[in-house]
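Note that the sequence shown covers residues 1 to 414 in UniProt numbering. C-beta atoms are modelled at their ideal positions from N, C-alpha and C, and glycine is treated no differently. These notes concern the structure reproduced below.
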Amino acid sequence: MHDEVVKLDFFYKGEWREANELLADLKSEVARLEQIELSETEDASPELEEELISRRSRQDELTSLIEVIRREWSTIQDEVNAVAERLSVLKFDLVRNQDAQKLKTLGSRLGKAAFEHRCPTCHQSLETELLPELTSRTMALEQNIKFIKSQIELYEASQRSAVSSRDELARKYNAFNAELYSVMQRIRELRQALTRPASSASRAQIEQIVRLNAQIERITSAREGMDSLSDNLGGISREYFDAQSEIRSLRLNELGSSDRAKLSNLLIELKRQCRAYHFATYGIEELGLAEDNFRPVVEIETDEGRQQQELGFEVSASDGIRLKWAYYLSLMLVSKFPLGNHPGLCVFDEPGQQAMEQESLREFLKFSSINFRERQIITAVTTEKARPFIEELRGLGANVIEFGGRVLQPLRAT
């Protein structure tokens with residue numbers, strides 16, 4: 001059994017009950033009923049009438065609860081729909097702002113005419129009266145994008161919470177409906193029992209035992225199905241980890257001393273460059289290389305000991321760029337000495353994106369200029385970002401080519 005791993009609960013008589021606990025109570029009730037001697041209808045009538053009153057009261061209560069849940073579910077569903085619509089608008093706004101940012105990066109002056117007091121159509125000067133002073137400044141594109149992203153995160157969290165509440169209500173609705181059906185069935189049985197001849201044996205007790213046994217069978221079947229799934233998943237999990245272990249073992253066993261030296265140098269160089277580029281999401285000494293594909297990982301402490309974890313969304317956007325710089329250049333450097341199989345070419349398109357700090361970009365370009373004169377690194381950088389240290393790069397041996405005006409030009413008919 002996997003009770004300690006998978007917990008199976010049932011909504012029974014208005015509350016969530018753990019499967020084993022509920023089964024024990026139902027079996028105990030069946031045992032109690034089976035020990036009671038069957039009575040005649042006349043003798044059992046007072047008890048049956050009392051139960052009938054109780055069951056009708058429960059029927060009314062369940063009917064009211066189901067109606068309340070139906071209204072709550074409808075309200076939450078409206079909220080889910082409203083949040084989804086708002087998210088759609090925010091994501092559309094985000095795309096528009098990101099597109100505007102791209103145009104701005106490429107040199108577009110769209111949207112700047114109003115601030116320069118010039119007509120965007122005829123380019124004539126506009127009178128100040130036509131452009132009254134704004135009482136508050138609008139946010140820049142970068143601020144807009146950051147704000148919209150934060151709003152998207154907020155609404156997505158709200159959406160997850162609303163969906164969770166809606167699904168919980170749906171489960172309660174189904175459970176109350178099932179209980180209502182059972183109560184109505186029991187009411188019919190009690191009414192039939194009360195209309196039988198006084199001297200005949202009461203069947204209500206037998207029918208209740210049969211119904212309880214049916215519930216026990218359903219719960220037992222569900223629990224066994226869950227245990228079977230848990231066993232299967234456990235087997236698949238073990239096979240997966242065994243396969244991963246075999247892959248790691250095969251890779252490591254195939255490595256010779258020179259390959260191990262390259263890996264060691266690769267990790268040393270990766271850490272050194274991450275430190276130079278001010279990588280800060282994790283401590284530099286926590287960085288490592290995966291044993292199966294040699295990609296950058298972080299080594300963290302868990303309940304099961306020290307484990308490797310791939311670097312994913314938890315790394316900031318700018319640190320993600322820094323890590324790529326460090327990894328690609330480290331691979332290229334390790335292939336240079338000791339001798340490796342790198343083609344000797346690396347191309348970076350706008351490495352200073354994601355609001356990269358100027359000092360980090362400077363260190364990246366300096367390292368590329370100093371260490372790869374026999375190889376070729378092609379880097380396309382916006383002039384404004386690199387202008388403070390262009391002459392320094394030339395002095396280090398970099399071949400700096402500046403393009404006057406815009407690099408991307410519209411095609412003109414000849």
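Relative to the C-alpha of L48, which candidate in F403, F389, G256, I206 has its C-alpha closest?
I206
Using C-beta distances below 6 Å, list every residue in its chain close to L396, excluding the 5 sequence neighbours before and after it, in chain order.
S369, I370
Using DSSP with H/G/I as helix, E/B as strand and the rest coil, what is T281?
coil
So, at 8 Å on beta carbons, what are the nonlocal neighbours of S330 in its own chain, with the 5 sequence-adjacent residues on each side left out?
L266, E269, L270, Q273
Terminal residues of the continuous alpha helix (DSSP H) containing R260?
257 to 276
I'd like to know if the stretch 211 to 228 and the stretch 84 to 96 are in contact, where contact means that at least 3 CB-CB pairs between them fall below 8 Å.
no
CB-CB length for Q143 against V80, believed under 8 Å:
Not really, about 30 Å apart at Cβ, beyond 8 Å.
Can you give the beta carbon distance from H278 to E357, rounded, assuming they're within the 8 Å contact cut?
7 Å
Pull up the distance between the alpha-carbon of A114 and that of A100, whole angstroms please.
Because A114 sits at a pLDDT of 48, beneath the cut-off of 50, its placement in the model cannot be relied upon, and the following sentence gives the value as read from the coordinates. Taking the straight line from one Cα to the other gives about 16 Å.
Spatial neighbours of L169 in its chain, beta-carbon cut-off 8 Å, leaving aside the 5 residues before and after
I69, E72, W73, I76
Per-residue DSSP class, three states only, for T383:
Of the three classes helix, strand and coil, the one that applies to T383 here is helix, per DSSP.
Hey, how far is the Cα of R412 from the Cα of G404?
Cα to Cα, the separation comes out at about 18 Å.
For D292, three-class secondary structure by DSSP:
coil
Report yes if the C-beta distance between R17 and V183 is below 8 Å; otherwise report no.
no
Let me check understanding here. Comparing Cα to Cα, which of K102, Y181, D259 lies closest to residue 458?
Lying outside 1 to 414, the shown extent of the chain, residue 458 is not represented and no answer is given.
Mind checking who Q376 pairs with in its DSSP beta bridge?
The partner list for Q376 (beta bridge, DSSP) reads L345.
Among Y12, F389, L8, T220, which one has its Cα closest to the Cα of N174?
Y12
Would you say R55 and L190 are within 8 Å of each other, going by their C-beta atoms?
yes
Kindly list the residues whose CB is nearer than 7 Å to the CB of V95, restricted to its own chain and excluding five residues on each side of it in sequence; keep chain order.
none
For I187 and Y155, the rounded distance between their alpha carbons
Each residue's Cα considered, the two are about 47 Å apart.
Tell me, which residues are paired with D9 by DSSP?
E18
I need the DSSP call for L287, collapsed to helix, strand or coil.
It is a strand residue.
contact_flag[the stretch 233 to 245, the stretch 21 to 30] where n(CB pairs < 8 Å) is 3 or more:
With a cut-off of 8 Å on Cβ pairs, the stretch 233 to 245 is not in contact with the stretch 21 to 30, counting fewer than three such pairs.
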